[in-house]
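Number of protein chains: 2
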Amino acid sequence: MTSEIITIGDELLIGQVINTNASWMAKSLNENGAVVRQITSVSDSADEIVRALREAEERADVLLITGGLGPTHDDITKDILCKYFQTELVEDEKVLENIHRFFQRKGLPLTELNRKQALVPKGSTVIENPLGTAPGLAFHKNGKLFVAMPGVPYEMKHIMENFVIPWLQDNYPGNIILHKTVMTQGIGESFLAAIIADWVDELPSEIKLAYLPSPGIVRLRLSIKGNDRNAMTSLLSGEIQKLRQLIPEYFWGFDDEKLEAVVGEILKKLGRSVCTAESCTGGYIAHRITGVPGSSNYFKGSVVAYDNKVKEKLLKVPSYMLERFGAVSREVVEKMAEEACNLMQTDYAVSVSGIAGPDGGTEEKPVGTVWIAVAGPEAVVSKKFLFGDERERNIVRAGTAALGLLRSVLIQKEGADPKAGPGSRD
Amino acid sequence: MTSEIITIGDELLIGQVINTNASWMAKSLNENGAVVRQITSVSDSADEIVRALREAEERADVLLITGGLGPTHDDITKDILCKYFQTELVEDEKVLENIHRFFQRKGLPLTELNRKQALVPKGSTVIENPLGTAPGLAFHKNGKLFVAMPGVPYEMKHIMENFVIPWLQDNYPGNIILHKTVMTQGIGESFLAAIIADWVDELPSEIKLAYLPSPGIVRLRLSIKGNDRNAMTSLLSGEIQKLRQLIPEYFWGFDDEKLEAVVGEILKKLGRSVCTAESCTGGYIAHRITGVPGSSNYFKGSVVAYDNKVKEKLLKVPSYMLERFGAVSREVVEKMAEEACNLMQTDYAVSVSGIAGPDGGTEEKPVGTVWIAVAGPEAVVSKKFLFGDERERNIVRAGTAALGLLRSVLIQKEGADPKAGPGSRD
Numbered sequence: 001m002t003s004e005i006i007t008i009g010d011e012l013l014i015g016q017v018i019n020t021n022a023s024w025m026a027k028s029l030n031e032n033g034a035v036v037r038q039i040t041s042v043s044d045s046a047d048e049i050v051r052a053l054r055e056a057e058e059r060a061d062v063l064l065i066t067g068g069l070g071p072t073h074d075d076i077t078k079d080i081l082c083k084y085f086q087t088e089l090v091e092d093e094k095v096l097e098n099i100h101r102f103f104q105r106k107g108l109p110l111t112e113l114n115r116k117q118a119l120v121p122k123g124s125t126v127i128e129n130p131l132g133t134a135p136g137l138a139f140h141k142n143g144k145l146f147v148a149m150p151g152v153p154y155e156m157k158h159i160m161e162n163f164v165i166p167w168l169q170d171n172y173p174g175n176i177i178l179h180k181t182v183m184t185q186g187i188g189e190s191f192l193a194a195i196i197a198d199w200v201d202e203l204p205s206e207i208k209l210a211y212l213p214s215p216g217i218v219r220l221r222l223s224i225k226g227n228d229r230n231a232m233t234s235l236l237s238g239e240i241q242k243l244r245q246l247i248p249e250y251f252w253g254f255d256d257e258k259l260e261a262v263v264g265e266i267l268k269k270l271g272r273s274v275c276t277a278e279s280c281t282g283g284y285i286a287h288r289i290t291g292v293p294g295s296s297n298y299f300k301g302s303v304v305a306y307d308n309k310v311k312e313k314l315l316k317v318p319s320y321m322l323e324r325f326g327a328v329s330r331e332v333v334e335k336m337a338e339e340a341c342n343l344m345q346t347d348y349a350v351s352v353s354g355i356a357g358p359d360g361g362t363e364e365k366p367v368g369t370v371w372i373a374v375a376g377p378e379a380v381v382s383k384k385f386l387f388g389d390e391r392e393r394n395i396v397r398a399g400t401a402a403l404g405l406l407r408s409v410l411i412q413k414e415g416a417d418p419k420a421g422p423g424s425r426d
Numbered sequence: 427m428t429s430e431i432i433t434i435g436d437e438l439l440i441g442q443v444i445n446t447n448a449s450w451m452a453k454s455l456n457e458n459g460a461v462v463r464q465i466t467s468v469s470d471s472a473d474e475i476v477r478a479l480r481e482a483e484e485r486a487d488v489l490l491i492t493g494g495l496g497p498t499h500d501d502i503t504k505d506i507l508c509k510y511f512q513t514e515l516v517e518d519e520k521v522l523e524n525i526h527r528f529f530q531r532k533g534l535p536l537t538e539l540n541r542k543q544a545l546v547p548k549g550s551t552v553i554e555n556p557l558g559t560a561p562g563l564a565f566h567k568n569g570k571l572f573v574a575m576p577g578v579p580y581e582m583k584h585i586m587e588n589f590v591i592p593w594l595q596d597n598y599p600g601n602i603i604l605h606k607t608v609m610t611q612g613i614g615e616s617f618l619a620a621i622i623a624d625w626v627d628e629l630p631s632e633i634k635l636a637y638l639p640s641p642g643i644v645r646l647r648l649s650i651k652g653n654d655r656n657a658m659t660s661l662l663s664g665e666i667q668k669l670r671q672l673i674p675e676y677f678w679g680f681d682d683e684k685l686e687a688v689v690g691e692i693l694k695k696l697g698r699s700v701c702t703a704e705s706c707t708g709g710y711i712a713h714r715i716t717g718v719p720g721s722s723n724y725f726k727g728s729v730v731a732y733d734n735k736v737k738e739k740l741l742k743v744p745s746y747m748l749e750r751f752g753a754v755s756r757e758v759v760e761k762m763a764e765e766a767c768n769l770m771q772t773d774y775a776v777s778v779s780g781i782a783g784p785d786g787g788t789e790e791k792p793v794g795t796v797w798i799a800v801a802g803p804e805a806v807v808s809k810k811f812l813f814g815d816e817r818e819r820n821i822v823r824a825g826t827a828a829l830g831l832l833r834s835v836l837i838q839k840e841g842a843d844p845k846a847g848p849g850s851r852d
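Chains as they are written, first to last, in the numbering used here: chain E, 1 to 426; chain S, 427 to 852.
Have a look at this one:
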């Protein structure tokens with residue numbers, strides 16, 4: 001079974017937007033056994049869209065289309081689908097209700113333009129889109145499936161997860177590809193490769209391994225293809241078990257788990273609280289921690305002490321310390337963490353002080369130098385890092401390293417890794 | 427003159443790699459007058475590549491191809507080009523020399539596999555690639571240009587900048603497309619459309635308008651096509667001037683500008699400082715502000731008061747206020763901003779308190795309710811917002827709204843918009 005993706009929008013063809021939708025959809029299709037033959041991007045032009053549809057229809061069984069479903073004049077996909085499937089637009093009550101609800105919730109009036117979004121091609125299957133006002137639309141023709149989705153990434157993903165993927169699994173079962181990604185932190189790609197080299201050599205041939213590095217984190221993706229889900233799952237689990245034993249200090253989770261969510265789980269399990277005291281990360285660590293739903297159970301707050309005066313006044317860093325050792329030093333970062341614990345009455349505090357760049361570097365402390373400390377009930381642990389030249393990446397890597405240090409302190413001081421027990425998720 | 431882009435590689439079709447090359451090339455082609463009709467991604471399969479070439483050749487004058495020029499077995503583009511243009515591979519001395527130099531510089535031996543990279547299709551124009559071992563290859567056929575480039579982004583960019591773009595400028599001078607994107611904040615797409623409807627109706631036909639919404643921000647992209655750069659620039663500027671007069675309170679910048687950078691510029695210009703006091707945004711606003719290089723000139727710090735006790739202790743919010751009005755209230759958010767100003771000794775402070783979700787909503791204050799305040803030297807301004815259900819988006823929208831409110835306070839209180847003067851960038 002083959003599939004194709006058609007992404008519609010001038011913004012793609014003038015290079016204003018990177019086509020992240022296409023790669024997300026391609027990945028999702030592949031994982032569910034649909035080989036993607038072609039990805040096509042065309043402009044908001046009726047002729048181009050019709051041509052792309054016609055060509056893709058000849059080649060593929062499943063066609064996914066995104067974009068051009070919005071309310072404004074340049075959104076023409078719905079009209080074109082009507083022409084293509086020789087039907088007409090009719091108002092759909094349920095869609096209109098959803099639009100009403102959507103605007104009511106926002107306390108906004110419903111404009112004529114938005115009401116038009118309730119028009120759908122007669123004969124199409126309307127796919128609910130609770131996250132926006134444009135519904136997804138499915139068409140069946142000669143055994144082929146066409147699905148048009150909004151181009152807004154999270155709306156598209158919602159429709160993929162709630163309609164397209166279940167449809168593929170129902171209609172093409174047994175075409176299985178399984179992926180499992182092992183998340184590591186605190187070690188570079190090549191060092192990791194050296195540690196696991198023997199295990200890689202002995203991997204069963206059905207299992208493929210890929211290294212996917214991102215700032216501060218290396219993901220190891222294991223893929224297996226076949227038709228017996230149970231046998232595949234068990235083979236994969238066994239190999240992951242072996243892999244984890246090789247890298248206990250670097251492994252921290254699976255798949256799309258976030259480090260901050262894993263740390264949050266540990267804190268919740270231990271009944272411990274945390275706060276942050278941030279200089280160069282400027283609130284980024286607090287932002288990551290509070291991005292996790294329910295984080296108010298263990299996160300109390302943060303002092304972002306960007307200016308040294310704020311370090312002195314709020315975090316009681318003595319001025320002699322700033323003068324003698326500099327703001328980017330073991331002494332200052334440890335003091336920041338200790339005082340944050342006192343100030344916000346938490347069990348733990350994470351602190352960061354560093355030089356994100358592009359300015360502020362010296363020969364002794366170049367851009368990318370970052371000190372990180374974790375203060376706990378008994379002691380303070382601190383560590384120096386040397387990241388790179390790029391401000392944005394330095395902030396991300398410092399945040400990941402800080403969360404990683406907090407995780408390892410929690411696990412070492414407070415007992416076993418919650419992921420290591422029989423309740424482990426792999 | 428029209429162009430097409432064909433990107434080759436299994437990694438694109440399984441969704442492992444995001445096609446950033448295509449958007450970069452598309453942008454570059456557009457800026458040089460080549461309208462991109464289609465972007466096509468196909469796998470490393472001879473049949474698919476030949477088909478994609480044939481179809482694109484029918485439609486476009488310039489065809490750019492990337493990928494599949496490497497030394498390994500899955501790199502088949504060169505063989506396919508030979509077949510397509512009915513020629514054969516011959517060794518190119520200059521390319522071989524470049525490969526020798528390349529490996530010498532790295533202190534590596536030259537393998538047989540790499541020597542094969544000196545083979546080029548007879549009759550093609552060999553384009554130097556000093557950054558890698560695979561040269562670019564150009565073919566001319568019936569007045570059409572085909573250029574095959576390596577898929578490594580910086581090698582592709584080098585060949586684009588040193589061969590493709592100069593060729594376009596030489597062969598199609600005066601084929602110009604200009605884009606300008608107007609950034610707005612604080613108003614939804616459909617309401618914006620209603621305000622500017624008359625202006626849209628009277629837009630000269632050469633100018634195309636597109637709406638590009640993202641959380642809290644709507645971008646309006648104006649495009650113009652023609653051959654007289656000066657006349658086009660002046661027509662576009664005139665229309666943008668009219669547009670801005672319709673939406674003075676929502677317009678905040680152009681093109682790829684970030685709201686936090688625009689706010690930073692205003693603060694720097696005014697010599698004013700700022701801090702934040704954040705509850706539901708959890709440090710996100712401070713993170714955005716400090717993402718801008720040089721922000722330490724005007725940003726002093728932040729208190730993330732996630733827990734009410736931190737609001738009481740650090741931001742001196744009286745407990746009776748929290749009890750009577752709740753943490754998400756005008757009273758509390760204004761107090762947070764005022765105290766943050768005092769605490770961190772800044773001219774301005776932005777504060778946020780809201781319910782990001784998924785928990786914590788009530789009938790009176792549902793998830794998505796957010797109060798934002800800006801305290802300044804003279805007064806405190808505050809505003810209530812009702813965003814949606816989704817935690818992550820609520821945080822982003824609250825951050826954008828807070829920066830937007832700060833911007834409008836700065837402009838209203840402190841004088842003219844720095845973008846509105848004769849030094850304006852449009």
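Quick reminder that beta carbons are idealized off the backbone N, C-alpha and C, glycines included. Given the structure is predicted, the values throughout are model-derived calculations rather than measurements.
Counting along the chain, E:ALA379 sits inside no beta strand (DSSP E), nor does DSSP assign it H or E at all. If the five residues before and after E:GLY360 are omitted, its C-beta is found closer than 8 Å to the C-beta atoms of VAL367, all from its own chain and listed in chain order.
Between the beta-carbon of S:LEU741 and that of S:ALA703 there is about 6 Å, and that keeps the pair under the 8 Å contact cut.
Close partners of S:MET770 in chain E (Cβ separation under 7 Å): VAL310. Here the alpha carbons of S:ILE475 and S:GLY494 stand approximately 10 Å from one another. Shown here, E:ARG272 sits in coil according to DSSP, grouped into three states, outside any helix or strand.
Contact annotation: in the region 92 to 125 of chain E, residues whose CB is within less than 8 Å of a CB in chain S are ARG105, LYS106, GLY107, LEU108, THR111, LEU113, ASN114.
By a beta-carbon distance limit of 8 Å, S:GLY459 contacts S:TYR598. Their separation comes to about 6 Å. Bounds of any beta strand (DSSP E) do not take in E:LEU110, whose DSSP letter is neither H nor E.
For E:ARG391, the closest Cβ of chain S is nearer than 8 Å. Bounds of the beta strand (DSSP E) holding S:GLU517 are 515 to 517.
Counting along the chain, S:HIS713 sits inside the alpha helix (DSSP H) bounded by residues 710 to 716. Among the CB atoms of chain S, none fall inside 8 Å of the CB of E:HIS158.
When the alpha-carbon of E:ASP75 is set against those of E:TYR284, E:ALA148, E:ASN19, E:ASP347, the nearest one is in E:ALA148. Nothing from the region 485 to 509 of chain S brings a Cβ to less than 7 Å from some Cβ of chain E. For the pair E:LEU89 and E:PRO121, the CB atoms are nearer than the 8 Å cut-off.
Counting only residues of its own chain and dropping the five nearest sequence neighbours on each side, E:THR125 has a CB closer than 6 Å to the CB of ALA138. For E:PHE299, a Cβ of chain S is located within less than 8 Å of the residue's own Cβ. Taking the Cα positions, E:PHE102 is about 29 Å away from E:LYS83. Secondary structure at S:PRO579: helix, using DSSP grouped into helix, strand and coil.
Under the DSSP assignment, S:PHE617 falls in the alpha helix (DSSP H) whose first and last residues are 615 to 621. In this structure, DSSP gives E:TYR84 a helical state, which the three-state scheme calls helix.
Its chain contains ASN447, THR492, MET575, PRO576 as the residues whose beta carbon lies nearer than 7 Å to that of S:MET582, once the 5 sequence neighbours on both sides are disregarded; these appear in chain order. Chain-ordered listing is empty here: chain E has no CB closer than 7 Å to the CB of S:GLN595, the nearest sitting near 18 Å. The region 274 to 292 of chain E makes contact with the region 703 to 712 of chain S: 3 or more CB pairs, one atom from each, lie closer than 8 Å.
For S:ILE444, the three-state secondary structure derived from DSSP is coil. The shortest C-alpha to C-alpha distance from S:LEU438 to any of S:ALA623, S:SER467, S:GLN611 is the one to S:SER467.
The continuous alpha helix (DSSP H) containing S:SER660 extends over residues 655 to 672. Secondary structure note for S:ALA731: its beta strand (DSSP E) is the uninterrupted segment 725 to 731. Straight-line spacing of the CA atoms in S:ARG670 and S:LEU685 works out to 17 Å.
Counted as a single uninterrupted DSSP element, the beta strand (DSSP E) harbouring E:LEU222 occupies residues 217 to 226.
When DSSP assignments are scanned along the region 766 to 838 of chain S, the uninterrupted stretches of beta strand (DSSP E) that are 3 or more residues long and fall wholly within it turn out to be 774 to 780, 795 to 801, 806 to 812. Of the residues assessed, E:ASP47 falls on the exposed side of the cut-off, its CB having fewer than 16 other CB atoms within 10 angstroms.
Of the other Cβ atoms in all chains shown, fewer than 16 fall within 10 Å of the Cβ of S:SER663; this residue is therefore exposed.
The alpha-carbon of S:GLY569 is positioned some 44 Å away from that of E:SER214. In this structure, the beta-carbon distance from S:MET609 to S:MET451 does not fall below 8 Å.
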